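Per the UniProt record's numbering, the sequence shown starts with residue 1, numbered consecutively.
Contents: one structure, followed by commentary.
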Amino acid sequence: MAAMSVIGIDFGNESCYVAVARAGGIETIANDYSLRATPSCVAFSGRNRILGVAAKNQMVTNMKNTIHGFKRLLGRKLNDPHVQNEARSLPFNISSYSDKAPQGIGIKVKYMGEDYTFNPEQITAMLLTKLKDISEQALKTKVNDCVISVPSYFTNAERKALLDAAHITGLNVLRLMNETTATALSYGIYKQDLPNPDEKPRNVIFVDCGHSSLQVSACAFNKGKLKMLACSSDPNLGGRDIDKILADHFSIDFSARYKIDPRGNARAYLRLLAEVEKLKKQMSANSTTLPMNIECFMEDKDVHGEMKRVDMEGLCAHLFHRVEITLRKCLEDSKLRPDEIYAVEIVGGSSRIPAIKHLIEVVFGKSPSTTLNQDEAVARGCALQCAMLSPAVRVRDFSITDIQNYPVKLIWDPHNHDGEMEVFPQFHPMPFSKMLTFYRKEDFEIKAYYNCDVPHTDKDIGHFIIKDVRPTAEGESSKIKVKVRINLHGIVSVVSAVLVEKKDNVEAEETQMETESGSNDQDSAPDQINRENGDVQQPNEEEEKNDKVDKKDVKKKKSTTKTLELPIDAYMHGFTQTLLNDYYELECKMIANDKQEKERVDARNALEEYVYDLRGKISSSEELSSYVLPQDKTKIISELDNMESWLYEEGEDCSRQVYVEKFNALKQIGEPIKKRKMENENRPLAMEEFAHYLQLSHKFVEQYKAGDEKYNHIAPSDVSKVEEDMMAASKWLDEKRNLLRNCPLTVDPPVTIDQIRAEKKRLEQSVTSVMNKPKPKIEPPVEPAGDNKAPSKSQTEHPSSDQQQQQTPSEQQQPPTHQEKMDVE
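In structure tokens, the structure reads:
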């Protein structure tokens, strides 16, 4: 079913979740380890890539080649201070990517015995490949369309980088959805008691504190719709920051007491981070002193530490102060009073911390509610949105009005104050289009950037060159209409430009120029309100005045308007199509290599398993020992021991074909022994079934000879043939029984179960063909002809020609209806 491929992906810094829209609702998919959470880890080995849970499990032993935390590197440059700060806590090597992207981030790894450099987008694509594979395994169908979550604070550069990563994977992203909006959707769509559209909306605050960031949003709900009001965030505040503070605290403690400093040993520090994360989770539920013990931590020393929740809150007080600032900013931006807030919902792993729950209660005056699944709410919201955007699934109508978090400014004349405009203010609805009108004689450039501080060093969105602009026939400036759009992904761009040519008389032309001269080289642009990707223009007062002037001129002479699409050179963040194609090709090769390596490992494991299984059963007196001669047993066990030694020495890294050949050679030895055991155990039942059927056949013959009325129609010759077949089958069975009595268990039996069943089947066919022969039909007596006879069946079903003539024309021409068939179709 196409509907099965509707998935939503919550792409997190620490772990990912995948949800699917099914007929029964939304379901979170479990991965190959039966876990719902798939770690955001990608590792490399000498032969293949290791993705997800398996990658995290070997992180401590393969630190340099296990990549994690790459979500925070997307869409950034190497010289970005944020990247430099992140690099200090990451154990793998980060450098410049390549000549193709000199400022890009390169992650160096050892893969297939060679040095490789991948960028964060490629690493993200590898993780998405794993999530796509998990979905296809669970749904038993191909997955293409999806909705992926992004933090609400992501800029154009980061959103475009994630789209590029999805393109490398081969996924078709229907929407990049803000995590805050996905959470709100998963909350609102199931609520049956929301106020009607004409009533006062229900205002809900959502607090999402995850592994590496904090997002707070305000949302207004009515029946069948949600509207995002405001959003505030702290992109560098999450559970990992608390873990780091605790790890540093214990590092200082261990340094004083045990004379070891984990901060100087990357592997030990990684273990310490994992332990303090467990301790932090325990402190959320307990206020007593809790112990932390790590065996053989560093320099063969066992370490011990302890902490109370109060101590943790004291160490992290400055972090909790930042949480309070973010909460208050959302409340201020939403322009809501605490008494207007219906509820505060919390999601994300770190929102379980009691100190954060207390701050929520202080700021909003409401106890935090946990209506939603704190880990899976975002993925479920994305799956719902994907179902809404997909034509294959029917979902309850639910309108979503999202917001653009940062104000967007356009500049086309840097030397003129009137040559710039804030096209989309902060918290402007999206998706949305606006049309700007310019008057130009030649090509011109428009630059777009964020008009506020953003959590990215580069405020630039892109610059766009409008080409092929030419003056009018009179040498005047041409009218150029430019459409600027925030699309479903939250990406801002100039999507189109058209040159408008208007042929009119001279008098009318002068009048129009005078009217529009007050626009200062740009018209303050009629907004285009998005209604399911359709644009509805709302002209402003000035355009209405121009229309009135045009109507007056039309009375004198008709005017014609012609539009010409203009090409746009767009310079934005992201890879070129050529580079994306190269990365896609490389990803396909790595997928094929992973599949080939999996088949090789599976073949090796199958051989190893067979060696252990066969040796164990031959050695055991209860299994196969009785079915093989003592001298043969010694020889087979020796051969199996040699095969085991070969597997762990020169056979460690052989090709799949070598393992398959060795496996088949072993099966030729082991399978005959297993077959002898199986024959010996199941043969008595087959013999008993054959003998039982012989008895039934004999009973049939006796009943026939006794004159049973059921069989009066059967010819004596047929019964004689059955008797012959019975005698032959009985003789065959006695012969085989005698042979089997003298046959030892170590020799292949003279008759197999298949042969016994074949003989029984032959006898069955012979007996049933005679025993089930149908009785001959008796014709009813023919009645004498008369005047009062009843009409025959043929006469009743087929009316005479006279009767047909009496039918109305509509009855005669009425075709047979196939209503039921049409309904099914």
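Each residue gets a CB set at the ideal place from its N, CA and C atoms; glycine is no exception.
It should be emphasised that the depicted structure is a prediction, and the values quoted were computed from it without experimental measurement.
Whole-angstrom distance between G224 and I529, CA atom to CA atom: Unreliable placement is indicated for I529, whose pLDDT of 32 sits below 50; the coordinate value is still reported in the next sentence. Their backbone Cα atoms lie some 19 Å apart in a straight line.
Can at least three beta-carbon pairs, one atom from the segment 424-436 and one from the segment 393-405, be found at a separation below 8 Å? The segment 424-436 is in contact with the segment 393-405.
Euclidean distance between Cα positions of M177 and E324: 26 Å
With which residues is G25 paired in a DSSP beta bridge? R22
Do T181 and L372 have their C-beta atoms within less than 8 Å of each other? no
How would you write the range of the beta strand (DSSP E) that Q374 sits in, first residue to last? Segment: none, Q374 is in no beta strand (DSSP E) and carries neither H nor E.
Does the Cβ-Cβ distance between L214 and S186 come in under 8 Å? no
Are the beta-carbon atoms of R36 and E420 separated by less than 8 Å? no
Just mark C588 as buried or exposed, buried being the case when its beta carbon has 16 or more other beta carbons within 10 Å. Using a 10 angstroms sphere on the CB of C588, the tally of other CB atoms stays under 16, which defines it as exposed.
Who pairs with H463 in a beta bridge, going by DSSP? K447 and Y571
Same chain, Cβ closer than 7 Å to D145, neighbours up to 5 away in sequence not counted: S5, V6, N172, L174, C386 and S390
Quick one: using the 10 Å Cβ neighbour count with 16 as the cut-off for buried, is R337 buried or exposed? Around the Cβ of R337, a 10 Å sphere holds fewer than 16 other Cβ atoms; the residue is exposed.
Counting only the same chain and skipping the five closest in sequence on each side, list residues whose C-beta sits under 8 Å from that of K244. S89 and L273
How far does the beta strand (DSSP E) with S232 in it reach, from first residue to last? Per DSSP, S232 is one residue of the beta strand (DSSP E) stretching across K225 to D234.
Write down the C-beta distance between F464 and I486 rounded to the nearest angstrom, noting that I regard them as a contact closer than 8 Å. About 15 Å separates the two Cβ atoms, so there is no contact after all.
Residues in the same chain with beta-carbon distance under 6 Å from E597, minus the five sequence neighbours each way, listed in chain order, please. R47 and N48
Where do the N-terminal and C-terminal ends of the beta strand (DSSP E) with C588 fall, by residue? Unbroken run through C588 is the alpha helix (DSSP H), Q577 to S619; no beta strand (DSSP E).
On the DSSP letters alone, give me the boundaries of the alpha helix (DSSP H) that R656 sits inside. R656 to K705 is the extent of the alpha helix (DSSP H) around R656.
May I ask which residues mark the beginning and end of the alpha helix (DSSP H) holding P354? P354 to F364
According to DSSP, residue 826 sits in a beta bridge with which residue or residues? For the chain, the structure presents residues 1 to 825; residue 826 sits outside this window and is missing.
Could you tell me the alpha carbon to alpha carbon distance between E735 and Y711, rounded to whole angstroms? 32 Å
How would you call H489, buried or exposed, if buried means at least 16 neighbouring beta carbons within 10 angstroms? buried
In three-state terms, what does DSSP make of P338? Three-state DSSP puts P338 in a helix.
Terminal residues of the beta strand (DSSP E) in which A43 lies: A43 -> beta strand (DSSP E) spans C41 to F44.
Between which residues of its own chain and R676 is the CB-CB distance below 6 Å, once the five residues before and five after are set aside? Y627
Decide if D10 is buried, meaning its Cβ has at least 16 other Cβ atoms within 10 Å, or exposed. buried
N- and C-terminal bounds of the alpha helix (DSSP H) containing R309: R309 to L315
Consult DSSP for T401 and reduce its assignment to one of helix, strand or coil. strand
Candidates S40, K662 and E599, of which the one nearest V611 by Cα: When S40, K662 and E599 are compared, the shortest CA-CA separation from V611 is found for K662.
Is it buried or exposed for C452, if we count other Cβ within 10 angstroms and need 16 for buried? exposed
What did DSSP end up calling L488 once you bin it into helix, strand or coil? Coil.
Classify H415 as helix, strand or coil using the three-state DSSP reduction. coil
Leaving out the 5 sequence neighbours to the left and right, which residues in its chain are closer than 7 Å to D443 when beta-carbon positions are compared? I465, I466, K467 and V469
Straight-line gap, L566 to K278 (C-alpha atoms, nearest Å): 59 Å
Would you mind working out which of Y648, F250, E671 and G170 sits nearest I618, comparing C-alpha positions? Among Y648, F250, E671 and G170, the Cα nearest to that of I618 is on E671.
My parser needs the beta strand (DSSP E) runs of 3 or more residues fully inside the segment 168-253; what are they? 172-178, 202-209, 214-222 and 225-234
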